[in-house]
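A.B. asks: Dropping the structure in here first, questions after.
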Amino acid sequence: MGRRIFFFIIAITTLFFSCAKHIEEPDLLKMALSSDNSKIRKVMDSLAQHELQIRYTQIDRIKDSIIFTDYNFQVNDSNYFYPASTVKILTAVLAIEKLNEMDSLDLYTQFYVEGDSLETTFANEISKVFAVSDNDANNRLLEFLGQDRINQSLKDKDIAPVRISHRLSTENAFEVTTRPLIIYLNDTTTAWLKPSVNKPPAPLALKRVKKGTAYYEDNTLINEPFDFSLKNYFPISAQNEVLKRIVFPEQFPKNERFRLSPDQQSFLLKAMSDLPKNIGFDEMEYYDGYCKFFMYGDTRDTIPEYIKIYNKVGNAYGTITDCAYIIDHKNDVEFMLTATLIANNNGVFNDDSYEYKETGLPFLAQLGREIYNLEIVKKQRK
Numbered sequence: 006m007g008r009r010i011f012f013f014i015i016a017i018t019t020l021f022f023s024c025a026k027h028i029e030e031p032d033l034l035k036m037a038l039s040s041d042n043s044k045i046r047k048v049m050d051s052l053a054q055h056e057l058q059i060r061y062t063q064i065d066r067i068k069d070s071i072i073f074t075d076y077n078f079q080v081n082d083s084n085y086f087y088p089a090s091t092v093k094i095l096t097a098v099l100a101i102e103k104l105n106e107m108d109s110l111d112l113y114t115q116f117y118v119e120g121d122s123l124e125t126t127f128a129n130e131i132s133k134v135f136a137v138s139d140n141d142a143n144n145r146l147l148e149f150l151g152q153d154r155i156n157q158s159l160k161d162k163d164i165a166p167v168r169i170s171h172r173l174s175t176e177n178a179f180e181v182t183t184r185p186l187i188i189y190l191n192d193t194t195t196a197w198l199k200p201s202v203n204k205p206p207a208p209l210a211l212k213r214v215k216k217g218t219a220y221y222e223d224n225t226l227i228n229e230p231f232d233f234s235l236k237n238y239f240p241i242s243a244q245n246e247v248l249k250r251i252v253f254p255e256q257f258p259k260n261e262r263f264r265l266s267p268d269q270q271s272f273l274l275k276a277m278s279d280l281p282k283n284i285g286f287d288e289m290e291y292y293d294g295y296c297k298f299f300m301y302g303d304t305r306d307t308i309p310e311y312i313k314i315y316n317k318v319g320n321a322y323g324t325i326t327d328c329a330y331i332i333d334h335k336n337d338v339e340f341m342l343t344a345t346l347i348a349n350n351n352g353v354f355n356d357d358s359y360e361y362k363e364t365g366l367p368f369l370a371q372l373g374r375e376i377y378n379l380e381i382v383k384k385q386r387k
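Numbering (our numbering), first residue to last: 6 to 387.
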């Protein structure tokens, strides 16, 4: 009898400690979205209107291991949203990867696109893509890559679903033939990089690819939903996967990583976190939060040196998005956050009447602050 009691006690003790180890962490995303803050409530109280999708990634470091825990709110790859400038993270990282395949080129090689008056370097264009979200810089990198290469490279790394079909804010957005690049091999010698011919995009078979009630085209109001089915597609899950591979490449098999050298990864991370003033832009116009929507998008406050935000934002057609890795070196907290929402109350597209400042930016900024503050509290309790 005594032996049975002994083994019963051992079993109960083992079960207790096993359960204790598996106590679930609080869902900080759920807590953040339950905030009484008016910037949060304005969106949460009218969810259907804003098509909100969020992924928060909790990051735990245990000895030499890094553990990601994803928390989702309404994330659905089948529900389309326009990714806008968030796609620029793809042209940036894949341009660096392609440079590795070309012995005579590097980040600081000078070039220009045929028909373009600007002579530049790959490093300059990548820096502008992140610091001020420059559309022309993105398009130059796309001419270097081509749509097919971008899409195939992502597929090879098991990053899906995603489809890049066009340039940004230019008349030749959907041109399938890229323009050649003229490369300076030295002060007196140039080389011509031949253009690529890419497949035209097929319509996306997704929900919500037609949005709103009307749109403007050539100053004419068209009273029917705006069709996004041929446009770029870069959902929350894919954005999160790209960011994880850039910041924490060692967490993925080699065939799923971006092929960057340590120096190239350092350059890319610096470009992603740089503020406009760091690369020579006027800080009165391009304030710290200009391309840092989480935490700082609704303020002109200076971002403290100990907080680094590695991210890519996008806003167009009333849709506003940020995908970020945020780390506070002073308080030793880090997390990833990706979110998108639409702020287009009148349902009309191309009328330049969107509620970015009234709704979109305040929500994303406050969401970032809510998660950040909850992370601080969680850290203090450990």
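All C-beta atoms in this analysis are idealised placements derived from N, C-alpha and C, irrespective of residue type, glycine included. Quantities reported herein were computed from a predicted structural model and do not represent experimental measurements.
#1: Tell me the DSSP secondary structure of Leu-342 in three-state form.
#2: Hey, how far is the Cα of Ala-276 from the Cα of Ile-94?
#3: Could you give the first and the last residue of the continuous beta strand (DSSP E) run that contains Ser-70?
#4: In the DSSP output, which residue or residues are listed as bridge partners for Lys-215?
#5: Taking Leu-57 as the reference, give the member of Ser-174, Gly-323 and Val-167 with the closest Cα.
#6: Could you check the C-alpha separation between Arg-250 and Phe-340 for me, to the nearest Å?
#7: According to DSSP, is Ala-97 helix, strand or coil?
#8: Starting from Val-318, trace the beta strand (DSSP E) in both directions and tell me its first and last residue.
#9: Suppose only complete runs of 3+ residues qualify. What are the beta strand (DSSP E) ranges in the region 220–273, listed by chain order?
#10: Is the distance from the Cβ of Ile-331 to the Cβ of Ile-314 below 7 Å?
#11: Mapping DSSP to helix, strand and coil, what is Arg-46?
#12: Given Ile-227, which residues of its chain have a CB within under 8 Å of its CB, disregarding the five upstream and five downstream residues?
#13: Under the assumption that Asn-143 contacts Val-134 (Cβ atoms under 8 Å), give the Cβ distance between them as a whole number of angstroms.
#14: Are there three or more Cβ pairs, one per stretch, closer than 8 Å when the region 99–117 is compared with the region 163–177?
#15: Please list the terminal residues of the continuous alpha helix (DSSP H) segment that includes Val-134.
#16: Based on DSSP bridge pairs, tell me the residues matched to Thr-193.
#17: Using only the alpha-carbon positions, how far apart do Phe-22 and Ser-278 sit?
#18: For the candidate residues Leu-147, Asn-349, Pro-254 and Tyr-361, whose alpha-carbon lies nearest to that of Phe-179?
#19: Does the beta-carbon distance from Leu-33 to Leu-248 come in below 7 Å?
#20: Quick one: residues in its chain with C-beta nearer than 7 Å to the C-beta of Phe-13, no 5 flanking neighbours on either side, listed in chain order?
#21: Which stretch, first to last residue, makes up the alpha helix (DSSP H) that contains Ala-142?
#22: Among the candidates Leu-150, Pro-258, Met-289 and Pro-240, whose CA atom is the shortest distance from the CA of Asn-203?
#23: For a quick check, are the C-beta atoms of Lys-212 and Asn-84 less than 7 Å apart?
#24: If you draw a straight line from the C-alpha of Glu-124 to the C-alpha of Leu-52, how long is it?
#25: When burial is assigned at 16 or more other CB atoms within 10 Å of the CB, is Arg-386 buried or exposed?
#26: Tell me, please, which residues DSSP counts as bridged to Cys-328.
#27: Short check: CB of Arg-60 to CB of Val-80, under 7 Å?
#28: Does the separation of the CB atoms of Ile-155 and Leu-209 fall below 7 Å?
#29: In or out: Arg-374 buried (at least 16 other Cβ within 10 Å) or exposed?
#30: With a cut-off of 8 Å, do at least 3 Cβ pairs link the region 224–243 to the region 252–266?
#31: Mind checking Asp-364: buried by the 16 CB within 10 Å criterion, or exposed?
#32: From this set, Glu-130, Pro-367 and Met-289, which residue's C-alpha is nearest Thr-96's C-alpha?
#33: Determine, using beta carbons only, whether Pro-367 and Lys-103 come nearer to each other than 7 Å.
#34: Between the alpha carbons of Phe-272 and Ala-128, how many angstroms are there, rounded?
#35: Should Met-300 be labelled buried (16 or more other beta-carbon atoms within 10 Å of its own) or exposed?
#36: For Thr-183, which residues of its own chain have a beta-carbon under 6 Å away from its beta-carbon, when the five flanking residues on both sides are left out?
C.D. replies: For this structure:
#1: strand
#2: Cα to Cα, the separation comes out at about 11 Å.
#3: 70–78
#4: Beta-bridge pairing links Lys-215 to Asp-232.
#5: Gly-323
#6: 14 Å
#7: helix
#8: 312–321
#9: 225–227
#10: Remark: C-beta atoms of Ile-331 and Ile-314 approach each other more closely than 7 Å.
#11: In the displayed model, Arg-46 falls within a helix according to three-state DSSP.
#12: The beta carbon of Ile-227 lies closer than 8 Å to those of Ala-219, Tyr-220 and Tyr-221 in the same chain, with the five residues before and after it left out.
#13: Correct: roughly 6 Å between the Cβ atoms.
#14: no
#15: 127–136
#16: Beta-bridge pairing links Thr-193 to no other residue.
#17: At Phe-22 the pLDDT is 43, less than 50, meaning the model places this residue with poor confidence and gives no usable figure here.
#18: Leu-147
#19: The answer is no: Cβ separation not under 7 Å.
#20: The predicted position of Phe-13 is uncertain, since its pLDDT is 39 and thus under 50; a value taken from the coordinates is nonetheless stated next. Correct list: empty, nothing qualifies.
#21: Here the alpha helix (DSSP H) through Ala-142 covers 140–150.
#22: Leu-150
#23: yes
#24: 46 Å
#25: exposed
#26: DSSP lists Lys-317 and Thr-343 as partners of Cys-328.
#27: Judged by beta-carbon spacing, Val-80 lies within the 7 Å limit of Arg-60, meaning their Cβ atoms are closer than that value.
#28: no
#29: buried
#30: no
#31: The question names Asp, but residue 364 is Thr in the sequence shown. Classification for Thr-364: buried.
#32: Glu-130
#33: no
#34: 9 Å
#35: buried
#36: The residues are Glu-148, Gly-151, Pro-200 and Ser-201.
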